[in-house]
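So in numbering that gives the first Met the number 0, spot 98 of the sequence shown is number 97, and the numbers just go up one at a time.
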Amino acid sequence: MDLIWHRQPIFLATRARSMSNTLVLTGGSRGIGAATALRAARAGYAVALTYLGNAQAASAIVEAIERGGGRALAIQADVAKADDITRLFDTVDREFGRLDALVNNAGITAQQMRVDAMDVARLQRVFDTNILGSFLCAQAAVRRMSTRYGGRGGAIVNLSSAAARLGSPGEFVDYAASKGAIDTFTLGLAKEVAGEGIRVNAVRPGLIDTDIHASSGEPGRLERLKPSVPLQRAGSADEVAAAIVWLLSDDASYVTGTCLDVAGGR
Ligand code: NAP
Numbered sequence: 000m001d002l003i004w005h006r007q008p009i010f011l012a013t014r015a016r017s018m019s020n021t022l023v024l025t026g027g028s029r030g031i032g033a034a035t036a037l038r039a040a041r042a043g044y045a046v047a048l049t050y051l052g053n054a055q056a057a058s059a060i061v062e063a064i065e066r067g068g069g070r071a072l073a074i075q076a077d078v079a080k081a082d083d084i085t086r087l088f089d090t091v092d093r094e095f096g097r098l099d100a101l102v103n104n105a106g107i108t109a110q111q112m113r114v115d116a117m118d119v120a121r122l123q124r125v126f127d128t129n130i131l132g133s134f135l136c137a138q139a140a141v142r143r144m145s146t147r148y149g150g151r152g153g154a155i156v157n158l159s160s161a162a163a164r165l166g167s168p169g170e171f172v173d174y175a176a177s178k179g180a181i182d183t184f185t186l187g188l189a190k191e192v193a194g195e196g197i198r199v200n201a202v203r204p205g206l207i208d209t210d211i212h213a214s215s216g217e218p219g220r221l222e223r224l225k226p227s228v229p230l231q232r233a234g235s236a237d238e239v240a241a242a243i244v245w246l247l248s249d250d251a252s253y254v255t256g257t258c259l260d261v262a263g264g265r
């Protein structure tokens, strides 16, 4: 297992246990997740961030948080694998000793194509990463945060997408449908755990300037689609992170079961 600490782990773990609210953030090495890790750390969270393969990028985010006086730990974990999720939360229990918040951010698209061209392996990977991963992480978080299990309550934010409303025809309907599932998951789980001290919300980003567009085979996608955005520009990862960290905070104490569009009006 890869764990990235940059100071003495026992000292940090002790401080985190006694002082800081702890956030588990999946996919914190790049893009929206990285921006969220930095903002959450500034808001006082100890951050357990995960990555899939990019240890160097994850390490850079941990270092940046520590330079600002915060606490962070990077953990390699594939959210599409149940055993990795179990190991992730066991590590957080051991190193931080508490859990207060979860951001289900890790998500993927795949090469742009029509539905009739998508093979089973691609569909499986997209659905397992975007849907199954969010379910498994939320299960683990609820078992730790819910008052039903002796927890203190907490907050969950899921990353949906404006694609859930638009459908993404000819590009990635599988991705859009996986985010539609996240919207429904958010609504249902929010109602299920509302009486147990946990708020559950989603953020639906629009066109945000991250690597994900190049991953779908079109690095120029933002430029092409910019004119379709009422605000006439792509959003930044930090603009999405601001909404996520607000939803986690007590300022959003009466907000649950909501999908918040951060999409420039698109
Ligand atoms: P990104 O720049 O491609 O970064 C993806 C992050 O997720 C990376 O940290 C990556 O880790 C991690 N990751 C990917 N697969 C994973 C897996 N199986 N297990 C664990 N971690 C995994 O993506 P992004 O644009 O920031 O998107 C973040 C979220 O926002 C996603 O859920 C996405 O669907 C949603 N979203 C994005 C946009 C947009 O325009 N960017 C719009 C709507 C919704 P490595 O660095 O190790 O690869």
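All C-beta atoms in this analysis are idealised placements derived from N, C-alpha and C, irrespective of residue type, glycine included. Please read these numbers as outputs of a predicted model, since none were measured by experiment.
Best match in the options for proximity to residue i [C-alpha to C-alpha]
{"i": "A71", "options": "L48, G196, Q231", "result": "L48"}
{"i": "G234", "options": "T21, G30, R41, I84", "result": "G30"}
{"i": "E238", "options": "V23, S214, R143, A36", "result": "A36"}
{"i": "A189", "options": "G179, A201, K178", "result": "A201"}
{"i": "L247", "options": "R198, V228, L221, R220", "result": "R198"}
{"i": "A81", "options": "A120, L135, A251", "result": "L135"}
{"i": "T21", "options": "S227, A116, L98", "result": "L98"}
{"i": "K178", "options": "R164, E191, G169", "result": "R164"}
{"i": "E195", "options": "R121, A79, V141, D115", "result": "V141"}
{"i": "G166", "options": "V114, Y148, L158, A193", "result": "V114"}
{"i": "G52", "options": "R41, G43, G27", "result": "G27"}
{"i": "V46", "options": "A73, V156, Q123, G169", "result": "A73"}
{"i": "I211", "options": "C258, F171, A59, E62", "result": "F171"}
Counted within 10 angstroms of its Cβ, other Cβ atoms place residue i as buried (16 or more) or exposed
{"i": "Q75", "result": "buried"}
{"i": "Y253", "result": "exposed"}
{"i": "S214", "result": "exposed"}
{"i": "L206", "result": "buried"}
{"i": "G32", "result": "buried"}
{"i": "T25", "result": "buried"}
{"i": "R143", "result": "buried"}
{"i": "G152", "result": "exposed"}
{"i": "L158", "result": "buried"}
{"i": "V119", "result": "exposed"}
{"i": "Y148", "result": "exposed"}
{"i": "S227", "result": "exposed"}
{"i": "Q7", "result": "Per-residue confidence for Q7 stands at a pLDDT of 35, beneath the threshold of 50, marking its modelled position as unreliable; the derived number appears in the next sentence. By the 10 Å Cβ count, Q7 comes out exposed."}
{"i": "T255", "result": "buried"}
Near the ligand NAP: residue i beta-carbon under 6 angstroms from a heavy atom
{"i": "A105", "result": "yes"}
{"i": "T209", "result": "yes"}
{"i": "P226", "result": "no"}
{"i": "D82", "result": "no"}
Under 7 angstroms between C-beta atoms of residue i and residue j
{"i": "S160", "j": "R93", "result": "no"}
{"i": "R38", "j": "V244", "result": "yes"}
{"i": "A162", "j": "A175", "result": "yes"}
{"i": "V23", "j": "L131", "result": "no"}
{"i": "A105", "j": "V78", "result": "yes"}
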